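Participant: Mind looking over this structure? Questions follow.
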Amino acid sequence: MGIGFIYFICFLVGFIYALISGALGHIFGGDSHIHMDATGHVGFEGGDAGLSVASPTLIAAFLSGFGGTGLIVHNLYRPGPGVSLLVAILGGLAVSGGAYVILGFLYQKTQAGSEFRDEQVVGKSAEVTLAIPGDGVGEIAFSVKGSRNIAPARSEEGQLIPRHTTVKITRSVAGTFYVEKLEE
Numbered sequence: 135m136g137i138g139f140i141y142f143i144c145f146l147v148g149f150i151y152a153l154i155s156g157a158l159g160h161i162f163g164g165d166s167h168i169h170m171d172a173t174g175h176v177g178f179e180g181g182d183a184g185l186s187v188a189s190p191t192l193i194a195a196f197l198s199g200f201g202g203t204g205l206i207v208h209n210l211y212r213p214g215p216g217v218s219l220l221v222a223i224l225g226g227l228a229v230s231g232g233a234y235v236i237l238g239f240l241y242q243k244t245q246a247g248s249e250f251r252d253e254q255v256v257g258k259s260a261e262v263t264l265a266i267p268g269d270g271v272g273e274i275a276f277s278v279k280g281s282r283n284i285a286p287a288r289s290e291e292g293q294l295i296p297r298h299t300t301v302k303i304t305r306s307v308a309g310t311f312y313v314e315k316l317e318e
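Numbering (our numbering), first residue to last: 135 to 318.
Written out as structure tokens, the structure is:
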């Protein structure tokens, strides 16, 4: 078993893994659905998951790049095993590095969420979508990270705030935003 055969196997394993994961990725995706009947407000802060350099996708990219570059260099230029191995490693690193940059860019653009913490909207303006009674709860709409959000709201002054009024969010208590009319 020569080094050319090892390059071929590495290329084949990486390439077949990429084909299979690409074809079956949507069938066996990592999504889940949970249904819970509950009331209240839940807040959490998630971390940025990001792309791991040890992910199976990047390992497959390295194997494909390593094997493909090794095959090309070994069969076209016929250098010694040490030189072809070094060039194959550099080829694998280049392909997996390129895949890391491209996938990282795609994940950043497609996985950017619209989640926010209540404190992030304090001081922002909103529109009353359901009149806020002086002693009750109405509804406001506001934009965060390009997404329109709707939330329960109370009047900070305890006065009626009619629908379509522009208000300023002053604070948040247990998922309900307190607002005051903006001066016109």
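Quick reminder that beta carbons are idealized off the backbone N, C-alpha and C, glycines included.
These figures come from a predicted structure and were not determined experimentally.
T304: buried (16+ other C-beta within 10 angstroms of its C-beta) or exposed?
Facilitator: Label assigned to T304: exposed.
Participant: When DSSP labels each residue in this structure, what does P286 get in the three-state scheme?
Facilitator: In this structure, P286 counts as strand in the three-state DSSP scheme.
Participant: What residue from S259, A287 and G204 has the CA that sits closest to I266's CA?
Facilitator: It is A287.
Participant: Cα separation between F149 and V262?
Facilitator: When rounded, the distance between both Cα atoms is 55 Å.
Participant: What residue range is occupied by the uninterrupted alpha helix (DSSP H) comprising V221?
Facilitator: P215 to T244 is the span of the alpha helix (DSSP H), which, as asked, contains V221.
Participant: Since G199 and V229 should fall inside the 8 Å C-beta cutoff, what is the C-beta to C-beta distance between them, to a whole number of angstroms?
Facilitator: Correct: roughly 3 Å between the Cβ atoms.
Participant: Could you tell me the boundaries of the alpha helix (DSSP H) in which I143 lies?
Facilitator: Segment I137 to L158, the alpha helix (DSSP H) holding I143.
Participant: Sort L153, A285 and H298 by Cα distance to V256 and report the nearest one.
Facilitator: Here the closest residue by C-alpha is A285.
Participant: For F311, list the residues DSSP reports as bridge partners.
Facilitator: In the DSSP output, where bridge partners are listed per residue, F311 has A287 and S306.
Participant: Who are the near neighbours of G268 in its chain, counting only those whose CB is closer than 7 Å to its CB and skipping five residues on each side?
Facilitator: Contacts found: S289, G292, Q293 and L294.
Participant: Here's the rule I'm using: 16 or more other beta-carbon atoms within 10 Å means buried, otherwise exposed. How should T244 be labelled?
Facilitator: Exposed, by the Cβ-count rule.
Participant: Considering Cα atoms alone, identify which of Q254, T299 and A157 is closest to K279.
Facilitator: For K279, the nearest C-alpha among the options comes from Q254.
Participant: DSSP state of V207, grouped into three classes?
Facilitator: Note: V207 maps to helix in three-state DSSP.
Participant: Note the first and the last residue of the continuous beta strand (DSSP E) segment covering F276.
Facilitator: Its beta strand (DSSP E) spans residues G272 to V278.
Participant: For Y141, count neighbouring C-beta atoms within 10 Å of its own C-beta (all shown protein chains included) and say buried if the count is 16 or more, exposed if not.
Facilitator: Per the 10 Å Cβ criterion, buried.
Participant: Where G270 and V301 are concerned, what is the direct C-alpha to C-alpha distance, given to the nearest angstrom?
Facilitator: Cα-Cα distance, rounded: 16 Å.
Participant: Against chain D, with Cβ distances strictly below 8 Å, would L210 count as a contact?
Facilitator: Absence of chain D from the displayed structure is noted, only one protein chain being present.
Participant: Roughly how far, in whole angstroms, is the beta-carbon of C144 from the beta-carbon of L220, given that I think they are within contact range, below 8 Å?
Facilitator: Not confirmed; about 15 Å, so no contact.
Participant: Which residue or residues does DSSP assign as beta-bridge partners of A260?
Facilitator: According to DSSP, which records beta bridges pairwise, A260 is partnered with V301.
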